[in-house]
Structure formats: structure tokens, C-alpha cells
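Peer 1:
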Amino acid sequence: MPSKQSRQCGVLAMARLQVIAFAEQPGELGRFIPSFVTGFYTLDPRAAASKPQLILGPFQGKVACQTIAFGRGVCGAAAETQTTQLVPDVEKFPGHIACDGDSRSEIVVPIVVGDGEARKLVAIIDIDCADVNGFDEVDKKHLEQLAALLGRSCDW
Numbered sequence: 838m839p840s841k842q843s844r845q846c847g848v849l850a851m852a853r854l855q856v857i858a859f860a861e862q863p864g865e866l867g868r869f870i871p872s873f874v875t876g877f878y879t880l881d882p883r884a885a886a887s888k889p890q891l892i893l894g895p896f897q898g899k900v901a902c903q904t905i906a907f908g909r910g911v912c913g914a915a916a917e918t919q920t921t922q923l924v925p926d927v928e929k930f931p932g933h934i935a936c937d938g939d940s941r942s943e944i945v946v947p948i949v950v951g952d953g954e955a956r957k958l959v960a961i962i963d964i965d966c967a968d969v970n971g972f973d974e975v976d977k978k979h980l981e982q983l984a985a986l987l988g989r990s991c992d993w
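Take my numbering: the final residue in the sequence shown is number 993, and no numbers are missing along the way.
(1) Below 8 Å, how does it come out for the stretch 907-916 and the stretch 953-968: are there three or more Cβ pairs, yes or no?
(2) Give me, in chain order, the residues of the same chain whose beta-carbon lies closer than 8 Å to that of Glu-981; leave out the 5 immediate sequence neighbours on both sides.
(3) Going by the beta-carbon positions, is the gap between Val-802 and Pro-925 smaller than 8 Å?
(4) For Thr-879 versus Val-959, is the C-beta spacing smaller than 8 Å?
(5) With distances taken from CA atoms, which of Ser-887, Glu-928, Ala-884 is nearest Gly-938?
(6) Whose C-beta lies closer than 6 Å to the C-beta of Thr-904 among residues of the same chain, with five residues either side of it excluded?
(7) Under a three-way DSSP split, which group does Asp-963 fall into?
(8) Might you give, ordered along the chain, the residues of its own chain that have their beta carbon closer than 8 Å to the beta carbon of Val-874, omitting 5 neighbours on each side?
(9) For a minimum of 3 consecutive residues, which ranges assigned as the beta strand (DSSP E) are wholly contained in the stretch 884-929?
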């Protein structure tokens, strides 16, 4: 039987393919998103509880940060607040981490499990775009649906 970590990686890799295919959907999603970094960060199980951080998971694109502390940059903000960060212009986001200078906009969607006091972040979806205003509320809605599905479907 595969390990819990290999099952998580498999599910995240499958979801990554869904995120990449996301821009090719008909209807309201039928537009090209010039994303060049698409991927996941997961909660780092080796990080101290007092210093939680994310660790790079499956991704497609240029070199990315290996770890990101909660509260640092767009990904860290999404992790700390457990809310989607829709950033139309990364140059205007305080503390933006520029893994790639070509990034102009970003959306980061938290994947959470549990309810109430048991609610916790387990991962994030991170997509960078080469255009300002590369993402909108439609993208947010559908990526949040994907994140909810991943939260329910994985053995985190």
C-alpha cells in the first residue's frame, strides 16, 4: 500500500493537471491564462508549531521558493489567514516574494480541512501570471471549489 505522503503527492499531481487544464475550459473559464508557475505548497510537517511554514509540493514552472513562512508573501498570507489572496498587481502587495521577476499577478487558494476549532490549513494552490489583473472572481470561485474538493478527498 502506498504511503500517506505518496498518496498526497499523487492527488496533488492530479489536481495540478486540473489547474493547468482550467484555462482551457469552455464558457466563463474559456480564456487563456498566461501562468508560468502553477503548483502547490503543503504544510511542512517538520516545522515547529510556533513557526509554521509551507514546503514546495508538485509544481510546473520556473524555480520556486522551497519553503515559505506563514505570513510571508502572498502564499504565507493565504496560509496564515486561510483566505484566498487574489493579487491583481504583485508590485503593490507588501512583502511579495519575487521568485520570478516576470510575475505580475497571483492567486493563492488555501486548502483546509476540519471545522471550527479543528479547522487547519494543509496546503495551498499557487498560480502566478505574467499579466497584471491575470485573475478574477470567476477564477477565485472555481479554484476555491477545487481546493474544497482536495480538502475533502485527501487523507491529509
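Quick reminder that beta carbons are idealized off the backbone N, C-alpha and C, glycines included.
Peer 2: According to the structure shown:
(1) yes
(2) Thr-921, Val-946
(3) Past the boundaries of the shown model lies residue 802; the chain is included only from 838 to 993, so the question cannot be answered.
(4) yes
(5) Glu-928
(6) Gln-890, Ile-892
(7) strand
(8) Phe-896, Gln-897, Gly-898, Lys-899, Ala-901, Cys-936, Asp-937, Ser-940, Asp-963, Ile-964, Asp-965
(9) 890-898, 904-906, 922-924
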